[in-house]
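Comments concern the structure below.
In the numbering used here, the protein residues as written are 11 to 151.
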């Protein structure tokens with residue numbers, strides 16, 4: 011598991027590699043957690059993790075079907091002759107990923123790792139049939 015402490019009073023250390031300089035945060039376990047940073051950092055990082063999961067699922071399926079695949083963030087590329095096939099795989103993988111109740115699983119994970127914290131109720135789910143993205147005219151642009 012990856013834990014981001016977002017501590018206050020952390021020290022930064024620059025590590026120079028042959029390709030780039032990396033800023034490393036050095037935090038002491040005794041440092042207080044910066045709650046504001048935790049609150050603001052989690053939602054976009056969680057969404058990004060879902061986007062990257064979808065990308066990885068799509069890349070694996072493309073590889074299994076012999077379709078060249080390249081991506082940066084949420085932009086996916088292939089050769090023009092494979093666009094329609096990749097589009098189908100992209101939509102199917104999206105439907106598979108979101109057919110699970112991800113927020114429920116996340117909450118259960120939090121409750122298991124932090125039993126002393128009372129987590130609020132999840133929002134109600136809407137009525138979207140996630141499989142409808144497979145045949146929708148517009149999906150990803």
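Idealized CB from N, CA, C, for every residue including glycine.
Sub-9 Å separation of residue i and residue j beta-carbons
{"i": "residue 77", "j": "residue 96", "result": "yes"}
{"i": "residue 25", "j": "residue 34", "result": "yes"}
{"i": "residue 99", "j": "residue 68", "result": "yes"}
{"i": "residue 61", "j": "residue 84", "result": "yes"}
{"i": "residue 144", "j": "residue 101", "result": "yes"}
{"i": "residue 46", "j": "residue 36", "result": "no"}
Where residue i falls, given that 16 or more other Cβ within 10 Å makes a residue buried
{"i": "residue 71", "result": "buried"}
{"i": "residue 103", "result": "buried"}
{"i": "residue 52", "result": "exposed"}
{"i": "residue 49", "result": "exposed"}
{"i": "residue 56", "result": "exposed"}
{"i": "residue 9", "result": "This structure cannot speak to residue 9, because the chain is shown only from 11 to 151."}
{"i": "residue 74", "result": "exposed"}
{"i": "residue 11", "result": "Per-residue confidence for residue 11 stands at a pLDDT of 43, beneath the threshold of 50, marking its modelled position as unreliable; the derived number appears in the next sentence. Counting Cβ neighbours within 10 Å, residue 11 comes out exposed, since fewer than 16 surround it."}
{"i": "residue 27", "result": "exposed"}
Supposed close pair residue i, residue j - CB separation, criterion 8 Å
{"i": "residue 107", "j": "residue 132", "result": "Actually they do not touch by this definition, with Cβ atoms about 18 Å apart."}
{"i": "residue 129", "j": "residue 120", "result": "6 Å"}
Contact test: residue i Cβ vs the ligand MN heavy atom, cutoff 8 Å
{"i": "residue 51", "result": "Judged by which ligands are present, the structure shown has none, so any question about the ligand MN falls away."}
Open item on the list: I want to know whether the region 110-126 touches the region 76-92 - three or more CB-CB distances under 8 Å.
Closed with: no
Open item on the list: Suppose only complete runs of 4+ residues qualify. What are the alpha helix (DSSP H) ranges in the region 20-54, listed by chain order?
Closed with: none
Open item on the list: What ranges does the beta strand (DSSP E) occupy inside the region 78-141, keeping only unbroken runs of at least 3 residues that lie completely in it?
Closed with: 80-82 and 85-87
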